[in-house]
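> Under mature numbering (1 follows the signal peptide of the UniProt record, and there is no 0), the residues of the sequence shown are numbered -16 to -1, 1 to 171, in order. Even glycine gets a Cβ: it sits at the ideal position worked out from N, Cα and C. Predicted model only: the values in this text are computed from it and were never measured. I'd like to ask you about the structure that follows.
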Amino acid sequence: MSRLAVICMYSTISLALPGCALLPQFGEPPATNPTAAAPDTTRAQVPDPDLWPTATDTPAEPVKVTEKAPTKPKVKTTPPAAAPDTPPAEVGASADSIAVVAPAVTVTQPRKKLEEFETETIASLNEAKRLVAAVDPSKLDAAGQDKLRIVRGFITQAEDAMSKQDLDAASGLARKARLLAVELASH
């Protein structure tokens, strides 16, 4: 076994063992005498239901509360500052160095913003399709063929998301497809 596998195994065991002590234990404790007969384990051992508390059980005397618990002072919180706008990604940058973050689309956004978001998504999708159509697959190496297959998969997934009215997913997939297609077309 490699050292990493041994380390992972020991760390997993060390994390799991302390939790075992917290599990509920029913029945008799294990026998300390190894020659003693083993208990019957064919049935699950559950505590006697007659000993369980019922809804009608009440204490003999009601508990009287004489002091109120101290209240915590209210702490005023200020709303977080607005996040600064980030510049758009460079066209020639690699896909690994670009984090694609799609703006959250909610029902509360005005109809105009939703339409703009959908228009941008369709434009990204069409640009990716145009760039993929311009690429000659026979001139690509194995890595280029893989990128082309990934771009086509993103385009298909984005179209499926658009048909399901999932603009968040469609936008993210269309942007990924466009960025990879730009990188592929530049080779």
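1) Among Glu167, Ala154, Arg(-14), whose alpha-carbon lies nearest the alpha-carbon of valine 119?
2) Would you mind working out which of Lys148, Ala142, Gln129 sits nearest alanine 154, comparing C-alpha positions?
3) Within the same chain, show all residues whose beta-carbon is closer than 7 Å to that of proline 121, passing over the 5 residues directly before and after it, in chain order.
4) I need the DSSP call for aspartate 125, collapsed to helix, strand or coil.
5) With a cut-off of 8 Å on the beta carbons, I'd call isoleucine 134 and leucine 98 a contact; round off their distance for me.
6) If you drop the 5 nearest sequence neighbours on each side, which residues of the same chain put their C-beta closer than 7 Å to that of serine 108?
7) Please list, in chain order, all residues of the same chain as glutamate 104 whose beta carbon is under 8 Å from its beta carbon, the five residues on each side excluded.
8) Quick one: give me the first and last residue of the alpha helix (DSSP H) that serine 155 is part of.
9) By the three-class DSSP mapping on this structure, what secondary structure does lysine 148 have?
10) Nearest to glutamate 100 by alpha carbon, out of Ala(-12), Ile(-10), Leu151?
11) Do phenylalanine 138 and alanine 117 count as a contact pair if the criterion is CB distance below 9 Å?
12) In whole angstroms, what is the alpha-carbon distance linking lysine 148 and serine -15?
13) Can you give me the Cβ contacts of methionine 146 inside the same chain, cut-off strictly under 6 Å, excluding the 5 residues immediately before and after it?
14) Grouping DSSP H, G and I as helix and E and B as strand, with all else coil, what is serine 108?
15) Between the C-alpha atoms of arginine 114 and proline 94, what's the straight-line distance to the nearest angstrom?
16) Could you have a look at aspartate 135 and say whether DSSP puts it in helix, strand or coil?
The short version:
1) Glu167
2) Ala142
3) Gln129, Leu132
4) coil
5) Not quite, the Cβ-Cβ distance comes to about 28 Å (not below 8 Å), so this is no contact.
6) Ala158, Arg159, Arg162
7) Ser155
8) 151 to 169
9) coil
10) Leu151
11) no
12) 47 Å
13) Ala154
14) helix
15) 31 Å
16) Checking the displayed sequence, the identity of residue 135 turns out to be valine instead of aspartate. The answer is helix: DSSP assigns valine 135 an H, G or I state.
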